[in-house]
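Residue numbers (our numbering), protein chains in the order written: chain D, 1 to 349; chain P, 350 to 698.
Input: a single structure, listed below in structure tokens.
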């Protein structure tokens, strides 16, 4: 499959931008030789960086702007004052059809707000959802929503399940993904009305064959299902709590292996397998949260990532574009009976 | 300090009850030589077990019943049909003043419902909260609510903060605990109205000096604060997600150290420090969730735990009783201006 697509990249977003962005694109170019990038940012800074990155130089076109959205800016301010910023121009390029998707390591709230306003939600989708992939005992797990919507109703949860299902089938390549709805217990009587009603809607929907039922927090790492659906508040807390617990053991293991000379030698002997484990759990490998449900592919890289992590976020965007994810979502929503005004009939909460 | 207190114990709750319960009490007796236990359950099963457990035999009195509450029973059924069950009789003993607290490894929903109905909430507390201790980079962290209330309002969150503060001061012995409110970001504008309003109430309250502000999921394992306050849905998911992530690395490390002969030798060399790490993260050490805010101490042990874990749950109950936790909570609520009808003035959400 050839990846002759264009991605717009916010070159100025992220703690170590633009150096890390250009270096990340350079790494990603190796895996996507036919891709081109519209690099939006300060030309005076970008040109010298590109001059030193051979692959990126060939693949990138610079769109110059010195304006950028600071990390502290509120989403509402970004909407009013963000015109002409690197993030906004990168999103505009997708809206104008100059690029198939956008990648940014900048202000998350601003990216969500601008992407929603400029690109608008897909017909039948009330609200976009932030999704990401996490490691588990049984392969990769898609988690959504991770914070795009701190308050969700039944209809939102059902739509997240549809989008997660398509994501797992296309990007993860699972023909029959299992979908779980996050709750405080697996029994039908658990939880609030919202999750119980969402479960009822999903059981009566075309997705019923993929719907596993309720899952609990420990089911994420256990890999009980392929897709874990939850409201954005819960998802954000779950993602960060899991990351925190993994970091805790990583840090503690470092202490273990420097606690004595014998332990240092022990580390050297077990090193190959320990390095494989560390690589497998490396948060940079899971970098690149996807804003699903918009007319265009939008990927948010972690702000603190490095070139290796940013390249992964580019991979994620390229995967979405290559698999024509949004076309599949549109088709899937048709099966669920969304009419052309975007009103859901069978999905009403 | 002498621990001449009595705990009522539901001898029939838990996957491996009553054997694990009696063995757990036997272990706990070593640390609480003056404590006595009212062991509620089937005498025909309990008497032979006690005959083999010297310390427990001296400390325990059996209250006979063959009725028990199954794990699948709904809370509403447990209320109607649970009279005479081992769990109910153990709670009744606290209400009657025969015991200072109760420990059960049985049905969580039934325990919460029966405890609330029989013991009632403390004046000024609208709803009890489930709290537990988790390990972090900087010492133990109290998390609450862990699922007693899947829907919470501002007032509930504020009351959880007060109870968490007293818990950290008395049971953890921290004179100035730092209290964090769980949110999806640390900035003031993040989250829903409920958490933003709770933050405002706490900042204007007598607790303001201990209130750190918003925290995120990764702050639990980082130990950013000593007390993490959240609604029961979020807390339940966060607790189980963190446990799942820790289990994932534990299982993966087992694979690492059996992946080659060199890795096996490496394990032996690093063994003392690895064993210390495993013991520190051992979930049995954190067994014993406390139902805070009731007239009496109620501790829920994990149903799947063993004697070692159950003994820890007994320790937790004994800590609460010894520190006269409920008297301190009453005094603290006075400072917050709760009137005698239990209506909160300054805490209104």
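Just so it is clear, CB atoms sit at the ideal spot from N, CA and C, and this is done for glycine as well.
Below-8 Å beta-carbon distance, residue i vs any chain D residue
i, result
"residue 364 of chain P", "no"
"residue 541 of chain P", "yes"
"residue 496 of chain P", "yes"
"residue 530 of chain P", "no"
"residue 486 of chain P", "yes"
"residue 361 of chain P", "no"
"residue 593 of chain P", "yes"
"residue 698 of chain P", "Residue confidence is low: residue 698 of chain P scores 38 on pLDDT, short of 50, so the model does not pin down where it sits. No coordinate-derived value is stated."
"residue 371 of chain P", "no"
"residue 606 of chain P", "yes"
"residue 423 of chain P", "yes"
"residue 500 of chain P", "yes"
"residue 578 of chain P", "no"
"residue 758 of chain P", "Nothing can be reported for residue 758 of chain P: it is not among the residues displayed for chain P, which extend from 350 to 698."
"residue 563 of chain P", "no"
"residue 353 of chain P", "no"
Check whether residue i and residue j have beta carbons under 8 Å apart
i, j, result
"residue 70 of chain D", "residue 46 of chain D", "no"
"residue 164 of chain D", "residue 223 of chain D", "no"
"residue 564 of chain P", "residue 529 of chain P", "yes"
"residue 363 of chain P", "residue 650 of chain P", "yes"
"residue 225 of chain D", "residue 194 of chain D", "no"
"residue 114 of chain D", "residue 82 of chain D", "yes"
"residue 312 of chain D", "residue 284 of chain D", "yes"
"residue 411 of chain P", "residue 466 of chain P", "no"
"residue 670 of chain P", "residue 639 of chain P", "no"
"residue 498 of chain P", "residue 581 of chain P", "yes"
"residue 644 of chain P", "residue 506 of chain P", "no"
"residue 578 of chain P", "residue 674 of chain P", "no"
"residue 182 of chain D", "residue 234 of chain D", "yes"
"residue 153 of chain D", "residue 129 of chain D", "no"
"residue 357 of chain P", "residue 424 of chain P", "no"
"residue 280 of chain D", "residue 123 of chain D", "no"
"residue 303 of chain D", "residue 567 of chain P", "no"
"residue 422 of chain P", "residue 459 of chain P", "yes"
"residue 270 of chain D", "residue 605 of chain P", "yes"
"residue 637 of chain P", "residue 646 of chain P", "no"
"residue 569 of chain P", "residue 249 of chain D", "no"
"residue 521 of chain P", "residue 550 of chain P", "no"
"residue 378 of chain P", "residue 408 of chain P", "yes"
"residue 91 of chain D", "residue 336 of chain D", "no"
"residue 617 of chain P", "residue 519 of chain P", "no"
"residue 474 of chain P", "residue 642 of chain P", "yes"
CB contact below 8 Å: residue i versus chain P
i, result
"residue 159 of chain D", "no"
"residue 247 of chain D", "yes"
"residue 267 of chain D", "yes"
"residue 217 of chain D", "yes"
"residue 69 of chain D", "no"
"residue 236 of chain D", "yes"
"residue 300 of chain D", "no"
"residue 346 of chain D", "Confidence is the limiting factor: at residue 346 of chain D the pLDDT is only 45, short of 50, which leaves the residue's position unreliable, though a coordinate-based value still follows. Closer than 8 Å: no."
"residue 252 of chain D", "yes"
"residue 329 of chain D", "no"
"residue 225 of chain D", "no"
"residue 342 of chain D", "At residue 342 of chain D, the pLDDT of 40 sits below 50, so the modelled position is not reliable and the matter cannot be decided from this model."
"residue 221 of chain D", "yes"
Beta-bridge partners of residue i, as assigned by DSSP
i, result
"residue 229 of chain D", "D:144 and D:181"
"residue 358 of chain P", "P:388 and P:452"
"residue 544 of chain P", "DSSP output for residue 544 of chain P lists no bridge partner at all."
"residue 215 of chain D", "D:182"
Proximal chain C residues relative to residue i, where beta-carbon distance stays under 9 Å
i, result
"residue 78 of chain D", "In summary, chain C is missing from the structure at hand, where the protein chains are D and P."
Quick check on the DSSP output: what are the complete beta strand (DSSP E) runs of length 3 or more inside the segment 93 to 179 of chain D, in order along the chain? 101 to 104, 129 to 134 and 141 to 144
Three or more C-beta pairs closer than 8 Å, one from the segment 369 to 384 of chain P and one from the segment 675 to 682 of chain P: is that the case here? no
Could you tell me whether the segment 83 to 101 of chain D touches the segment 32 to 44 of chain D, using the rule of 3 or more Cβ pairs below 8 Å? yes
Minimum length 4: unbroken alpha helix (DSSP H) runs contained in the segment 586 to 659 of chain P: 610 to 630
Please specify which runs of the alpha helix (DSSP H), each continuous and at least 4 residues long, are wholly inside the segment 31 to 98 of chain D, giving them in chain order. 43 to 51, 54 to 59, 75 to 81 and 86 to 95
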